[in-house]
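What follows is a short report on a single structure.
In this note's numbering, the protein residues as written are 174 to 269.
What follows is the structure in structure tokens.
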């Protein structure tokens, strides 16, 4: 089992909007087992999406499926969330 932690630094004044957008997106993901976190005591405007996956192969498949869905999308604009953050990163941890 693994924990994936995706961290975003939102544009000033957009953290709440980004967190709600991420929460809504995760609600559409049937298998989502995790949390959307909004900063309390950390860097300003930080949003963390943390979730569990069974294997790295599952993560790769999830990313491939996401890219296919984006390619099929009628809109050629990037997803809305890309307008709301300045920087971000992803960490993957193995649960011991």
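C-beta atoms are modelled at their ideal positions from N, C-alpha and C, and glycine is treated no differently.
Reduced DSSP category for residue i - H, G, I as helix; E, B as strand; rest coil
i	result
residue 204	coil
residue 227	coil
residue 257	coil
residue 189	helix
residue 245	helix
Contact belief for residue i with residue j at Cβ below 8 Å, rounded distance in angstroms
i	j	result
residue 220	residue 191	5 Å
residue 206	residue 224	6 Å
residue 194	residue 254	5 Å
Residues bridged to residue i (per DSSP)
i	result
residue 181	220 and 261
residue 119	There is simply no residue 119 to check, as the chain begins at 174 and stops at 269 in what is shown.
residue 214	The partner list for residue 214 (beta bridge, DSSP) is empty, contrary to what the question assumes.
Checklist entry - When the Cβ atoms of the stretch 237-247 are set against those of the stretch 176-184, are three or more pairs found closer than 8 Å? => result no
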